[in-house]
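Colleague: Protein chains in written order, with this note's numbering: chain A, 1 to 522; chain B, 523 to 1044.
Where is the CB? At the ideal position from N, CA and C, for every residue including glycine.
These figures come from a predicted structure and were not determined experimentally.
#1: Within 10 angstroms of its Cβ, does residue 255(A) collect 16 or more other Cβ (buried), or is it exposed?
#2: Measure from the C-beta of residue 34(A) to each C-beta in chain B and report whether the shortest distance is under 8 Å.
#3: Does residue 465(A) get closer than 8 Å to chain B when you measure Cβ to Cβ?
#4: Let me make sure I understand the geometry here. Which of 106(A), 400(A), 288(A), 513(A) has the alpha-carbon closest to that of residue 356(A)?
#5: Assign residue 623(B) to buried or exposed, taking buried as 16 or more other Cβ atoms, counted over all protein chains shown, within 10 Å of its Cβ.
#6: When the Cα atoms are used, what is the spatial distance from residue 317(A) to residue 713(B)?
#7: I need the straight-line Cα distance from residue 490(A) to residue 429(A), nearest angstrom please.
#8: Residues of chain A with CB under 8 Å from residue 533(B), in chain order?
#9: State the start and end residues of the unbroken beta strand (DSSP E) segment that holds residue 165(A).
#10: What number of angstroms, rounded off, separates the C-alpha of residue 723(B) from the C-alpha of residue 2(A)?
#11: Of all Cβ atoms in chain B, is any one closer than 8 Å to the Cβ of residue 74(A)?
#12: To the nearest angstrom, report how far apart residue 130(A) and residue 647(B) are at their CA atoms.
#13: Ordered along the chain, which non-local residues of its own chain (more than five positions away) have a Cβ less than 8 Å from that of residue 259(A)?
#14: On the three-state DSSP scale, how would you describe residue 848(B)?
#15: Who are the near neighbours of residue 485(A) in its chain, counting only those whose CB is closer than 7 Å to its CB and skipping five residues on each side?
#16: The beta strand (DSSP E) that contains residue 671(B), what's its start and end?
#17: How many Å lie between residue 896(B) and residue 743(B) at the Cα?
#18: If the cut is a Cβ gap below 8 Å, which residues of chain B does residue 189(A) touch?
#19: For residue 59(A), would you say it is in contact with chain B, using Cβ-to-Cβ distances shorter than 8 Å as the test?
#20: Taking 8 Å as the threshold (beta carbon to beta carbon), is residue 475(A) in contact with chain B?
#21: Just mark residue 998(B) as buried or exposed, buried being the case when its beta carbon has 16 or more other beta carbons within 10 Å.
#22: Against chain A, which members of the stretch 841-864 of chain B pass a CB distance test of less than 7 Å?
#23: Residue 526(B) and residue 120(A): beta carbons closer than 8 Å?
#24: From residue 442(A) to residue 227(A), what distance separates their C-alpha atoms?
#25: Output, in chain order, the set of chain B residues within a Cβ distance shorter than 9 Å of residue 52(A).
#26: Any idea what DSSP makes of residue 823(B), helix, strand or coil?
#27: List the residues of chain A that residue 886(B) touches, going by C-beta distances under 8 Å, in chain order.
#28: Note the first and the last residue of the continuous alpha helix (DSSP H) segment covering residue 857(B).
#29: For residue 969(B) and residue 1040(B), I'd like the C-alpha separation in whole angstroms.
#30: So what does DSSP say about residue 427(A), is it helix, strand or coil?
#31: 8 Å is my cut-off, CB to CB: does residue 98(A) come that close to chain B?
#32: Would you kindly work out how many angstroms separate the C-alpha atoms of residue 546(A) and residue 188(A), rounded to a whole number?
#33: Terminal residues of the continuous alpha helix (DSSP H) containing residue 67(A)?
#34: Considering just the uninterrupted stretch of the beta strand (DSSP E) at residue 209(A), what are its terminal residues?
#35: Can you grab the Cα-Cα spacing for the pair residue 458(A) / residue 269(A), in whole Å?
#36: Could you list which residues in chain B have their beta carbon closer than 7 Å to that of residue 117(A), in chain order?
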């Protein structure tokens, strides 16, 4: 019998992203003629006649460098040995399972049972599933109307799953959560789009965003035709968020006639990895309340904290602990099943908790959600699981904790190893990744490198990232995709390659950097 | 041991939508105070300050009447016997599994194995899964990079699954399909939004849409700020689509300064149920080619045909059979796992096949897709399955065919029974449902009823639908939500209640209609 675990391990060893086979019948349908025909297509739609907001939108995390990496990967597959590396290492995106992280067994057991509930009637089921997975599957099926996991749900998500998520939030925060405040979504991205769509009327509406920021925000603001109002995080204080900077940028935007509608805060930070201190969060809440801004809190990395002296606090907990309720602050918290120790990116689950909006505005949010009917039910189930994992005494509890701790402590070690490696490079400084999944080192590039980049019409950090990829197969995203203080250059690198690969990555990185500096040193 | 099949059957018998329980710990988190707080929320965001496009957008299929139905359902749960019916029958939306349709076993087996592939290593697996489900799961895992079903995929969807879908399309049409033309999406709705986002620059851009239409189109055009250019289907010829009408409306729109960019055709029709004849499709293709319009072909009901003399032909097959290739016609075909005999609405799977666009425009579509990273992997897998079901000789083939034929022949009987019932009502005429999942009967309402509706500021068909719901528990959507010739009134009713419930529905419907006419007869 062919075995999944062995097969998977073999592929990981061989470079997991190089081993996908073609569907056997693919050659029948994908003729070279069909592929080539695209270029000869003319048609009524041209770059000059499409929505200019689409043209304006950029999404660096899957931008030009990633397309180039995919081309290299195809070349490696067609012609092994054609490049000075054997595999492409995708450090461009927070996609843990693509780099070999294993899913939490309990979560997958429950998903499989909910996908095919007739398994519950099979007498062999207890041989294949843990008892608490079976119990949890029943609990979930019990709250799904008709036990139909293949039906559209309520547009906010299945009520019983929202109850469970609300209970999880309440347990996390120590303050009540209302299931009617939850909108379950296909990952956090559609939730962010929904809020931007609601808030942005024209380019005169602004959204305060950190710089550097996760490019979903700039892309979504561009697609909805608004203005991104930047506030700069302070690299010299570990990407500190200063209220004085928020005030300055808010006033500056207002003086230009921009109506600033919301403040985006990413905590833990992406790409910057800092974890906000409680006192700082209180100031932010106070600022939004005073200035009448919606606080859009991206809290998708709430489980990813790697330092002992920092702790995640949700903005809702902070606001409630200050005595502020629904009438004081409009607050939206985004959460996703893609991050944390679970890293279930492909499941597209997530939610937003929407508090402090009037009933009639909430109805409008509901209406927009209803146009897409509902988010996928597996993702909804998974969101309920990550907010209610196994508890002490459950059969899965001990293995669950071992899997979770194994992932989180390994991520902490990887973050530290890569941070140290970056800091050891000539002209590179790198803040600590206190949380999230990224390092965002600053490159102090020699003038010669900057000139060389100019000559090929590339930003200096894009030039560096492209060279790194072509030499080592490591894919990182240039800082220009996230925004940075003008004249400074960075790259974003995930901490996600499996731990046994880190030493090799570090030595490839060091060798590349040395030779790059050698070539361009002033 | 508690048994799923028995439990599910019991719930169906009792009215499947009334039986969902609360999550045990829900009472801890959902305090009345929290629920009430919404109304007291003020905050910086009001109806006057949100995006007016959001306000303008309407989505009748989940509109006011459905909210009312949900309130009635809650009342029935809290106080059984409080209404003259025991359950709410949701005939408002094409959501088969919510009304008791069972999923195709083979599809669910494969999904469960892909969700938890370690099952493949268990020696008990062959006791729980069919051999071809196991084989198919391996085939799918083999084409997923790293066999990681929890990773973000390529933004268009996993390449190997697109290969499989392209092979399925090629087998359906007899013309090649290119996997690079496929964009896998969370159901068809996000695909439609993507195309509207691409094509609409301002209210000066128009999209030709059938009237009646599926309100996703009007909602999406409103959200993206374009103009819906209506063309009327001819009810007297079974909702015929006349090219002369298309031309007239196109010219009329152009004379008003509207740039018409695309033509939406829904085939089989929603809400109208007609299946287009091949000759008619050829005329439509010719019209789009001549007029330089993108043809947006909603083909999600391609498996739902109930009459022997009609057959589904994809617009791509029609165009290719006319000798038209990529350079002649810009064509987008939408498909979904939510419809057909599979009806897997909750899985949110689907794709669009994008042909006849230049490489640079396709790059823009890819960019927009990449902002949301990818569609959910289970939905992607399911899309590959519905386009490649079991084949003769496979272990699952015989039960698969039995399940499929059982569903489709039953749907055909239900469509006929409900069509006959509507036609038997005084002042009601109803075209045949040749395909799709709906009937769209016309109500010739007495003046008194129209006056009574006016008095409560309701459209006459909304007034009728509300009365029907309050009296019988049957939820239908007023025709005004889909558009109709001014002065005519319709309702849309799905054919989806389980067959054993149809006689009772028909007698409730007849009794209601008689008493309604009795009350309002002129």
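Modeller: For this structure:
#1: exposed
#2: The predicted position of residue 34(A) is uncertain, since its pLDDT is 39 and thus under 50; a value taken from the coordinates is nonetheless stated next. Answer yes: the Cβ-Cβ gap between residue 34(A) and chain B drops below 8 Å somewhere.
#3: no
#4: 288(A)
#5: buried
#6: 37 Å
#7: 10 Å
#8: 146, 147
#9: Element bounds for residue 165(A): not the beta strand (DSSP E) but the alpha helix (DSSP H), 159-173.
#10: 54 Å
#11: no
#12: 15 Å
#13: 204, 205, 206
#14: coil
#15: 232
#16: First-last for residue 671(B): undefined, no H or E at that position.
#17: 23 Å
#18: 893, 894, 895
#19: yes
#20: no
#21: buried
#22: 847, 848, 849, 852
#23: yes
#24: 27 Å
#25: 723
#26: coil
#27: 47, 50, 54, 55
#28: No alpha helix (DSSP H) holds residue 857(B); the beta strand (DSSP E) holding it covers 853-858.
#29: 13 Å
#30: coil
#31: yes
#32: Residue 546(A) lies beyond the range of chain A shown here (1 to 522); nothing can be said about it.
#33: 64-78
#34: 205-211
#35: 27 Å
#36: 526
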